[in-house]
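Have a look at the structure below, then the notes.
Protein chains: 2
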Amino acid sequence: MTPEEEKVLEANKNFYRALQALSIEEMESVWLQEEWVRCLHPGWEFLEGWEAVHESWQQIFENTTFMRLTVGVQAVRVEKGIAWVCCTEKISSASEGRFETAFAQATNIFKLYNGRWLLVHHHASHLPAPITNPAAEIVQ
Amino acid sequence: MTPEEEKVLEANKNFYRALQALSIEEMESVWLQEEWVRCLHPGWEFLEGWEAVHESWQQIFENTTFMRLTVGVQAVRVEKGIAWVCCTEKISSASEGRFETAFAQATNIFKLYNGRWLLVHHHASHLPAPITNPAAEIVQ
């Protein structure tokens with residue numbers, strides 16, 4: 003693991019920390035706030051631009067009372083100024099009185115901006131079956 | 003649309019041409035054949051390395067007798083030496099006597115290598131509902 007890969011994984015972890023904390027402020031700090039960033043939530047329409055992405059997180063956070071995440075990083079790749087991470091997500095959440103557990107697979111792309119790796123693309127898709135990944139870790 | 007964005011979209015189109023043609027030779031020519039490339043087929047396990055990715059395409063092609071694709075490009079982003087494309091896929095295919103139509107959302111990452119944009123990451127996920135995208139085009 004190179005120091006740069008570690009920094010990217012730290013940025014990835016901060017994204018999931020923001021998600022688990024249901025914190026829009028933390029979410030704002032991990033994304034690059036540009037009109038070309040994109041987000042593909044499972045089952046949602048494709049979102050482009052920070053405004054739409056930001057609104058989607060607000061909506062998710064407003065409709066969720068509790069979230070617990072287990073993230074298993076599968077791979078990280080760092081190129082010049084751009085990096086991406088593949089990981090699995092186990093998401094236990096409560097909203098409107100219902101408790102759910104879902105499994106997803108994600109591709110997160112980061113851009114190095116003023117010395118910080120910021121999220122510019124998040125694509126998460128549902129996985130049909132539970133993940134048994136020994137490398138999984140709890141984000142906290 | 004910049005000339006570089008056009009080149010990336012051409013590489014993206016070549017990937018879908020290879021897929022529709024069920025041609026392993028064409029698929030070999032659009033990917034960067036490195037041990038760190040990755041592929042997330044809908045519902046499959048995460049694949050890492052050209053060998054595993056190549057084998058997956060062979061398996062898909064061997065089990066498919068016909069494929070017809072409609073690809074709707076939603077967005078392209080080019081950074082220094084790395085680019086990615088978001089697109090929707092409508093896949094009509096026949097395998098083992100069954101005819102199916104599926105809808106998917108993809109993130110494809112390309113790396114500029116010796117003047118050519120080569121695929122290094124493919125993440126496709128099922129979409130629950132049909133896509134009505136006027137920008138959709140038939141790959142042929």
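These protein sequences, in sequence, are chains A and B. Counting the first sequence from 1 gives a position; my numbering is that position plus 2. Counting the second sequence from 1 gives a position; my numbering is that position plus 2. Yeah, the Cβ is synthetic: ideal placement off N, Cα and C, and Gly gets one too. This structure is a prediction, so every number in the text was calculated from the model and none was measured.
Span of the alpha helix (DSSP H), counted from its first residue to its last, around residue i
| i | result |
| --- | --- |
| Q35/A | Run containing Q35/A: none; DSSP gives neither H nor E here. |
| K15/B | 5-22 |
| E64/B | 52-64 |
Within 9 Å, strictly: CB atoms of residue i and residue j
| i | j | result |
| --- | --- | --- |
| T109/A | T90/B | no |
| K15/B | W119/B | no |
| H128/B | Q107/A | no |
| I26/A | K82/B | no |
| V122/A | W46/A | no |
| F101/A | P130/A | no |
| S31/B | T67/B | no |
| M3/A | F17/A | no |
Proximity to residue i [Cα-Cα], best of the options
| i | options | result |
| --- | --- | --- |
| E6/B | V73/B, F63/B, V80/B | V80/B |
| C41/B | Q76/A, S95/A, E12/A, E64/A | Q76/A |
| Q61/A | C88/A, L24/A, G74/A | L24/A |
| V73/B | T4/B, L11/B, M3/B | L11/B |
| K113/B | E64/B, V87/B, T4/B, H43/B | V87/B |
| S95/B | Y115/B, N65/B, I111/B, V78/B | N65/B |
| V78/B | I111/B, H56/B, I93/B | I111/B |
| R70/B | I93/B, V55/B, S58/B, H56/B | I93/B |
Enclosing beta strand (DSSP E) for residue i [first to last residue]
| i | result |
| --- | --- |
| E102/A | 100-115 |
| F48/A | Premise fails: F48/A is in no beta strand (DSSP E) and is neither H nor E. |
| K92/A | 84-97 |
| L129/B | Element bounds for L129/B: n/a, residue is neither H nor E. |
| T67/A | Premise fails: T67/A is in no beta strand (DSSP E) and is neither H nor E. |
* Asked: Is it a yes or a no for the segment 19-38 of chain A touching the segment 46-65 of chain A, going by three-plus beta-carbon pairs under 8 Å?
  -> The segment 19-38 of chain A makes contact with the segment 46-65 of chain A; the number of CB pairs closer than 8 Å reaches 3 or more.
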